[in-house]
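Enquirer: Here's a structure for you.
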Amino acid sequence: MSLLALPFEIIERIAINLTDAHGIQALLPLQLTCKYLNSSLGITTNPHIFASYFASHYDVSSASRRFGPQATKSSAYAAQLLRYTHTLARIRSGDIHADDVCHTFWTSYLMLIEDDGKNRASLEAAGLPDFVDRFVREHLYDGHRNGWSADNAVNSLALWLLWLTTTEDRLRAESSPQRAQMIRLMLPFVIMPVRYPSAFAPDIHFSLPLSRDITTVPHSVPTLHGPYPHYLYDRYHRAQFYSVSDLEIGIPLASIAAKLVYISRREVFPVGVPTHLPRNREHALQLGLTAVGPTQEDVHELNANKVAKLLPTTRPDGDWSEGIQGWDTMTADQRAAKAPSARWDNDWNRLVDCTDVFRPVSLKRSHYTPGTMSGLWQGRMLVADDTALETLFQIPQMPPNFNEQNLGVIVAPVFMRLREYVCMDVASNEPVPAGKMEDGKHNAWLPASMRRFEHQNELTLSYTVQDPTAPHRRIEESKRYRKYVPDGSMHDETTCRGCLYRGTSEMVFREHDAHFLEVLDNELAAAPLPDGMDDTEDMDVVDEEDAEEGDDAEDDPMSVDDGDELVVKRKCDGIMDIVLVGETDERHAQAWHPYRFYGRVREWDGLIALVRVPVSVNAGATHVGLWIFTGYVVGGQTLVGNWRTSSHPGEPVTFEGAFVMSKRD
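Per the UniProt record's numbering: the sequence shown = residues 1 to 665.
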């Protein structure tokens, strides 16, 4: 009996079983049997076979979450399979000098932030950890500028891949010279924020995007290390990804990955426990020691909790459903939201949304998950000598003696327990206005006159504003925020203004949203404003249903046939603003000084700003002052960024340092 006499469905099933058992390359002999099979089993005519292999060997939950159902088409999976196969082959070649190594790094990076277990297993089997480790050690400073590593895509991706492939086993396997080399390589990215940006837009801004009126846009100041603060332009990569032919994705920030790599190597060896310290707080009191200071127990606690948390392990077979309650009754979308790769959704959204501070973006994709910062956080902050930093600012070259010792780098612990309060989008509610630009830099985007009052589950924020009837007089206003509860009970679709406006709690992000917003922004800028309306006020995009109505839909820039358009949906949570407050737990305050914290989350990209204020300052504790922390939550578990003090308020380039914190409970 001839193979061609079989129904084609059986031939197709044979092909699928063959590739599942022996790899996609096993399809080639079958295709070479005759012209008919070569044509009918090809990737163009029969993408289903290749898509089936892709779905069984690589992780796919993030495709539907981030791109919508269009990304799960057979043609999209088949195209992605070719990209992955090529990338794995390049890694197996071991050629870190290849011209297309940046392309290899891009695909590897995207695979890892889509990883549910299978992607990582494939990349590790191909040898990615050693591949990228060799590249960083041998090529990170290729094309350096005055001795400083270039801030470009290939270096940034290499550092992120180095962090994403870091494991306990690999950390233990590094020799002392290898670990010391890696720390030296990371140090410039960690110590020099004037050269290496740590945010997608300067933290002096709360409301983004910025106006296109260039006369009102603050400018960077020239320094010997480049413009500062960093306004990032053209820092993105265009790629084909699933069914998206021209995906614009921002280059991830090298300094964030470098901080994680640096701290993870520093945490390999525990902090020494001085034997002269009291054993614990009870012992200290017995000795009559009541001043702030650590005990041996406090130091042991530092060592017991790593702040550069490594990524949780995933099963190589990609089966992550075990132990999830209610799995059998969940929809496909609900299951996808539970996948390990979901921890990277905010990071992904930040990369595709926040590539241009002047471009309107849809905020229907989240950049921060409410409730993330609630709880106990422990971290480490790096503090370098001010004089050493000032010397670095005055010379463009990297000094030959650039190291931790000559910079006077010390590490200080950070503890904070935070609570989140939210402003809900219901009638009469409005968020606290952003402070002035200097408030963004020194007061976490809150008015300088602000006072905070917590009572039960409410936070009252009071501040002064100019009296419209008496320009020389200021009056007090107050806003009330509610303590965030993660069970969804805070949001009521019948009272939420956003839901009432849309007619549904479902928020829809369309592939062409950015274009629509840009067109609308230009039209609004050219149109005369209604009487009494200020041109700085925010304006909402017109309702989708209104945009689709009318006889002139073909000429309407908001009218698009979305048959092949990517459409991503999420539920409205009704949150307009998030404010953070907290303090140092009493136990940690006794060891490391008592502080209060307050801050805010920037909606545009999820950047978090926190102000740490000492509860009291003793005469001898001159190092205890007001500190401002700004950073991003990375992978849903670690806060990474820079701190600054308020000691140099007029300086165009501030004295900053790195910090890494992780949530403990």
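Glycine included, C-beta positions come from ideal geometry on N, C-alpha and C.
Quick check on the DSSP output: the alpha helix (DSSP H) that includes Trp160 runs from which residue to which?
Expert: That run of the alpha helix (DSSP H) goes Ala153 to Leu164.
Enquirer: Rounding to the nearest angstrom, what Cα-Cα distance links Ala125 and Gly318 in this structure?
Expert: So the two alpha carbons sit approximately 15 Å from each other.
Enquirer: Starting from the Cα of Pro340, find the closest Cα among Leu311, Arg179 and Lys479 and give me that residue.
Expert: Selected option, being the one with the closest Cα: Leu311.
Enquirer: If you draw a straight line from the C-alpha of Asp95 to the C-alpha of Ser108, how long is it?
Expert: If I take the Cα positions, the gap works out to 15 Å.
Enquirer: Along the alpha helix (DSSP H) that carries Val132, what are the first and last residues, could you check?
Expert: Val132 -> alpha helix (DSSP H) spans Leu128 to His139.
Enquirer: Per the DSSP calculation, Ile43 is bridged to which residue(s)?
Expert: Ile43 is not bridged to any residue.
Enquirer: For Gly147, I'd like the list of residues in its chain whose CB is within less than 6 Å of its CB, leaving aside the five on either flank, ordered along the chain.
Expert: Closer than 6 Å at the Cβ level, and outside the excluded window around Gly147, lie Gln397 and Met398.
Enquirer: Look up Asp333 in the DSSP assignment and say whether it is helix, strand or coil.
Expert: It is helical.
Enquirer: In the DSSP assignment, find the beta strand (DSSP E) that holds Phe453 and state where it starts and stops.
Expert: Element bounds for Phe453: Arg451 to His455.
Enquirer: If you follow the alpha helix (DSSP H) that Met186 is part of, which residue opens it and which one closes it?
Expert: Ser176 to Ile191 is the extent of the alpha helix (DSSP H) around Met186.
Enquirer: From which residue to which residue does the beta strand (DSSP E) around Arg359 run?
Expert: No beta strand (DSSP E) holds Arg359; DSSP gives it neither H nor E.
Enquirer: Alpha carbon to alpha carbon, what distance is there between Phe415 and Arg596?
Expert: Going from the Cα of Arg596 to the Cα of Phe415 covers about 11 Å.
Enquirer: Between Lys306, His276, Leu88 and Asn303, which lies nearest to Gly293 when the distance is taken from Cα to Cα?
Expert: Nearest C-alpha to Gly293: His276.
Enquirer: Can you tell me whether Gly250 is buried or exposed, with buried defined as 16 or more other CB within 10 angstroms of its CB?
Expert: With 16 or more other Cβ atoms within 10 Å, it is buried.
Enquirer: Using the C-alpha atoms, what's the distance from Val271 back to Leu302?
Expert: Going by the C-alpha atoms only, they are around 8 Å apart.
Enquirer: Return yes when the Cβ of Tyr484 is within less than 8 Å of the Cβ of Ser374, no when it is not.
Expert: Yes, the pair counts as a contact, with Cβ atoms nearer than the cut-off.
Enquirer: CB-CB under 6 Å to Thr372, same chain, minus the five flanking residues each way: which ones, in chain order?
Expert: Cβ neighbours of Thr372 beyond the five flanking positions: Val633.
Enquirer: Counting only runs that start and end within the region 358-400, where is the beta strand (DSSP E) found for 3 or more residues in a row?
Expert: Counting whole runs of 3 or more residues, the region 358-400 contains the beta strand (DSSP E) stretches 375-383.
Enquirer: What do you reckon, is the C-beta of Pro229 under 7 Å from a heavy atom of the ligand SAH?
Expert: No copy of the ligand SAH occurs in the structure displayed, which carries no ligand at all.
Enquirer: Among the residues of its own chain, which have a CB less than 6 Å from the CB of Thr464, if the five just before and after it don't count?
Expert: Only Ser449, Arg474 and Glu476 meet the Cβ criterion.
Enquirer: Who are Thr645's beta bridge partners in DSSP?
Expert: Answer by DSSP bridge pairing, in chain order: Trp627.
Enquirer: Would DSSP call Glu545 helix, strand or coil?
Expert: Residue confidence for Glu545 is low, a pLDDT of 39 falling below 50, so the modelled location carries little weight and cannot support an answer.
Enquirer: Within 10 angstroms of the Cβ of Val601, are there 16 or more other Cβ atoms? Answer buried if so, exposed if not.
Expert: That one is buried.
Enquirer: Is Asn401 closer than 8 Å to Arg184 when the C-beta atoms are compared?
Expert: Their beta carbons are not under 8 Å apart, which means Arg184 does not touch Asn401 by this criterion.
Enquirer: Shortest alpha-carbon distance to Ser198 belongs to which of Arg170, Ala258 and Ala158?
Expert: Measuring from the Cα of Ser198, the nearest candidate turns out to be Ala258.
Enquirer: Is the beta carbon of Asp115 sitting closer than 8 Å to the one on Thr313?
Expert: Going by C-beta atoms, Asp115 is not nearer than 8 Å to Thr313.
Enquirer: Whose C-alpha, out of Asp347, Met381, Leu210 and Ser61, is nearest the C-alpha of Ser321?
Expert: The option with the nearest alpha carbon to Ser321 is Ser61.
Enquirer: Rounded to the nearest angstrom, what separates Arg235 and Thr355 at their Cα positions?
Expert: Rounded to the nearest angstrom, the two C-alpha atoms are 7 Å apart.
Enquirer: First and last residue of the alpha helix (DSSP H) that includes Asp20?
Expert: Start and end: Phe8 to His22.
Enquirer: Assuming Tyr481 contacts Cys423 under a Cβ cut-off of 8 Å, what Cβ separation, rounded to an integer in Å, is found between them?
Expert: Correct: roughly 5 Å between the Cβ atoms.
Enquirer: How big is the Cα-Cα spacing for Ser2 and Leu41?
Expert: Their Cα atoms are separated by approximately 17 Å.
Enquirer: Can you list the beta strand (DSSP E) stretches of 3 or more residues lying completely in the region 445-505, in chain order?
Expert: Taking only runs of at least 3 residues, the beta strand (DSSP E) segments lying wholly in the region 445-505 are 451-455, 458-467 and 470-483.
Enquirer: Report yes or no: do three or more beta-carbon pairs, one from the region 446-460 and one from the region 335-351, lie closer than 8 Å?
Expert: Contact between the region 446-460 and the region 335-351 is absent, because fewer than three Cβ pairs lie under 8 Å.
Enquirer: From Arg587, Lys569, Leu639 and Ile575, pick the residue whose C-alpha is nearest to that of Ser64; which is it?
Expert: With distances taken between Cα atoms, Ser64 lies closest to Lys569.
Enquirer: My output table needs one value for Ile251: the three-state DSSP class, helix, strand or coil.
Expert: Coil, per DSSP.
Enquirer: Alpha carbons only, please: which of Pro209, His22 and Pro193 is nearest the one belonging to Thr223?
Expert: Measuring from the Cα of Thr223, the nearest candidate turns out to be Pro193.
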